[in-house]
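Residue numbers (our numbering), protein chains in the order written: chain A, 2 to 243; chain B, 2 to 243.
Number of protein chains: 2
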Amino acid sequence: MSTLTRKQREIQNREQMLLGIARTMLVEQGFSHLGLDRLAEATEYSKGTIYQHFSSKEDLVAALAIQSCEKRIDLFSRAAEYSGSTRERAFALVAADELFAERHSHFFRCELIIHMANLDEKASPERRERLQALEQEILGIVLKPITEAVQNRDLVLTGNWTPEKVVFGLFCFAMGGHFGLQNYSSILKQIGVTSRAPHLFDNVNIFLDGLNWKQLSSDFDYSKTTKVVMQEVLADDDNVGN
Amino acid sequence: MSTLTRKQREIQNREQMLLGIARTMLVEQGFSHLGLDRLAEATEYSKGTIYQHFSSKEDLVAALAIQSCEKRIDLFSRAAEYSGSTRERAFALVAADELFAERHSHFFRCELIIHMANLDEKASPERRERLQALEQEILGIVLKPITEAVQNRDLVLTGNWTPEKVVFGLFCFAMGGHFGLQNYSSILKQIGVTSRAPHLFDNVNIFLDGLNWKQLSSDFDYSKTTKVVMQEVLADDDNVGN
DNA sequence: GACAATTTTTGACGATCCGTCAATTATGCA
DNA sequence: TGCATAATTGACGGATCGTCAAAAATTGTC
């Protein structure tokens with residue numbers, strides 16, 4: 002059965018190759034310029050073969066988004082293991098997100114695109130479900146330090162605040178910043194916003210200070226945390242799929 | 002020349018009609034299902050006529066985004082005239098944004114779509130420039146109460162904070178929330194986020210408290226502000242273009 | 001009102017792209 | 001080797017974007 006295995010591995014490798022080239026085309030030329038005929042020509046395979054891997058053009062982009070999520074989970078998991086206070090760990094996750102969006106913007110861009118195009122209807126059910134499962138996994142990772150902070154009273158939530166609501170706040174900062182810089186760059190440039198990182202970290206600090214999550218940024222230097230995390234996480238950050 | 006004027010007005014009316022129907026099709030069926038042949042049939046005009054109004058499909062969507070910005074500016078301008086503290090006025094703008102995204106989500110969706118598709122290359126230069134000018138106008142409106150707050154020391158900015166940076170923070174909350182609810186609704190539902198408004202207002206309050214913008218939310222009930230603004234602004238909020 | 005010049009409208013057409021499928025080629029197995 | 005199964009191909013149908021020469025409508029003039 003070694004021949005069969007060889008063939009199967011060959012097919013798997015081909016899928017990675019297809020995705021790699023497709024990602025390049027998608028990022029450099031945009032969704033509308035990503036043509037399957039062109040992809041077929043670029044990869045020296047026929048269109049029929051490509052359709053054996055992906056049920057539609059949208060399904061292909063979904064596969065790219067899945068890759069992106071997997072890569073993100075990889076980074077997040079490592080950041081979550083940072084040893085420090087709950088707020089430091091939350092901050093580590095924000096740093097990981099920032100790192101991801103910066104170093105792997107092409108991956109992230111696939112996620113944005115797949116969520117804007119009507120993926121829900123056109124991607125294959127398998128990939129749709131897998132993508133959703135991965136996103137839920139990410140949610141769980143981010144939720145963890147927050148619930149822990151509530152348990153050990155680093156963070157005391159009042160009123161109608163819940164850990165999930167805190168996640169939503171962080172999600173808005175991250176997503177709003179990413180989306181803004183990708184799509185409103187010209188207008189943001191005019192207000193001096195050209196790079197996410199410093200603003201994102203300051204925003205998050207103000208937000209967490211507002212929630213009174215100990216230690217406050219006045220009592221602890223979180224820029225060190227981010228720096229250490231960035232370097233640790235970045236250390237063995239492999240550029241899979243170029 | 003009254004006949005010429007009549008003809009010209011006829012053409013202008015036709016453009017509004019085209020945009021109205023196109024917006025419905027875009028919102029109900031998505032960008033990919035917005036076909037110019039179908040639009041031609043629905044409006045009982047020919048495709049050639051449509052191309053006399055819009056240089057391309059993307060240009061049409063740009064025109065929709067322009068309408069959206071104009072409507073937004075209308076709401077923002079009125080919210081900006083709210084008489085109250087600087088922070089109340091900033092809050093009024095957030096409320097206007099929320100109102101806009103809620104009551105005119107179809108308009109807003111056009112803005113998102115046009116910024117995701119490669120508008121930059123395919124829309125007509127005129128509409129591209131107009132859209133950018135409108136966005137800059139919006140920026141100016143939002144910037145005003147912040148700079149005023151800095152001037153009268155309701156808000157004291159320390160470190161590397163600037164009014165523009167505060168705008169960016171608010172922008173992230175608003176955009177991140179909108180984008181999230183439009184595109185990540187299934188995952189957000191699982192954490193109990195189904196409606197923007199309450200979370201958005203709470204988030205903004207925490208953020209502005211973190212910036213120490215007087216009066217703090219513990220000393221003033223901003224929910225009243227939003228309620229009043231929503232009703233005042235909503236009062237003569239005409240649903241132009243259905 | 002008739003007729004010519006100009007503007008507007010039309011829809012057929014070429015080009016492009018997605019997804020299919022019958023025919024062809026390659027592979028596994030006895 | 002020879003047959004059965006699996007993989008690959010590219011031509012094709014259907015749909016859509018944008019163009020353009022021909023047709024229709026409008027304007028201006030006598």
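A virtual CB, placed ideally from N, CA and C, is assigned to each residue, including glycine.
Judged by their CB atoms, A/V167 and A/L212 are nearer to each other than the 8 Å cut-off. Restricted to the segment 100-126 of chain A, the alpha helix (DSSP H) segments that are unbroken, complete and at least 4 residues in length are 106-117, 120-123, listed in chain order. In this structure, the beta-carbon distance from A/A118 to A/V62 falls below 8 Å.
Put simply, the segment 181-188 of chain A does not touch the segment 147-167 of chain B. Fewer than three CB pairs are less than 8 Å apart. Just so you know, the alpha carbons of A/G36 and A/G21 end up roughly 14 Å apart.
Looking only at A/D203, A/R129, A/I51, the smallest Cα-Cα distance to A/I12 is reached by A/I51. Short of 7 Å from the beta carbon of A/G181, and not among the five residues preceding or following it, lie these beta carbons of its own chain, in chain order: L189. Within the segment 161-228 of chain A, the runs of alpha helix (DSSP H) that reach at least 4 residues and sit entirely inside it are, in chain order, 164-184, 186-191, 197-211. A straight-line Cα-Cα distance of about 30 Å links B/L132 and B/T195. Excluding five sequence positions before and after B/I207, none of the CB atoms of its chain fall closer than 7 Å to its own CB. Against chain B, a Cβ distance below 7 Å from A/H107 picks out nothing, because the smallest value is about 15 Å.
Annotation: B/V234 to B/G85 spans about 15 Å, alpha carbon to alpha carbon.
By the CB criterion at 8 Å, B/L65 and B/F101 fall outside the cutoff. Between the alpha carbons of B/Q68 and B/E42 lies a gap of roughly 23 Å.
Within chain A, G177, F180, G181 have C-beta atoms less than 7 Å from the C-beta of B/M176, given in sequence order.
For A/L140, at least one C-beta of chain B is nearer than 8 Å to its own C-beta. Within 10 angstroms of the beta-carbon of A/E45 lie fewer than 16 other beta-carbons, which makes it exposed. B/T44 sits in a helix when the DSSP states are folded into three classes. Between A/I188 and chain B, the shortest Cβ-Cβ separation is below 8 Å. One finds K166, F169 in chain A with Cβ atoms closer than 7 Å to the Cβ of B/H200, taken in chain order. Under the 10 Å beta carbon count, B/H34 is surrounded by fewer than 16 other beta carbons and is classified as exposed.
Counting only the Cα atoms, B/M176 lies some 20 Å from B/R88. Our two residues, A/T227 and A/L171, have alpha carbons roughly 16 Å apart in a direct line.
Counting along the chain, B/D75 sits inside the alpha helix (DSSP H) bounded by residues 58-81. Spanning the alpha carbons of B/S78 and B/V230 requires a straight line of approximately 12 Å. Within chain B, the C-beta atoms nearer than 8 Å to that of A/Q137 come from I188, Q191, in chain order. Around A/E138, the same chain offers I74 as residues with beta carbons nearer than 7 Å, after the five sequence neighbours per side are excluded. The Cβ atoms of A/A96 and A/A81 do not sit closer than 8 Å to each other. Ranked by Cα distance from B/C70, the first of B/R197, B/M26, B/E130 is B/E130. With fewer than 16 other Cβ atoms inside 10 Å of its own Cβ, B/R10 counts as exposed. Spanning the alpha carbons of A/S218 and B/C173 requires a straight line of approximately 20 Å. Taking A/R128 as reference, the option from A/Y223, A/D38, A/D203, A/E59 with the minimal CA-CA separation is A/E59.
Around the beta-carbon of B/P146, 16 or more other beta-carbon atoms lie within 10 Å, marking it buried. B/F172 belongs to the set of residues whose beta carbon lies under 8 Å from a beta carbon in chain A. In this structure, A/H200 and A/F109 do not form a Cβ contact; the two beta carbons are roughly 17 Å apart against a cut-off of 8 Å. A direct Cα-Cα distance of roughly 25 Å separates B/S224 from B/E165.
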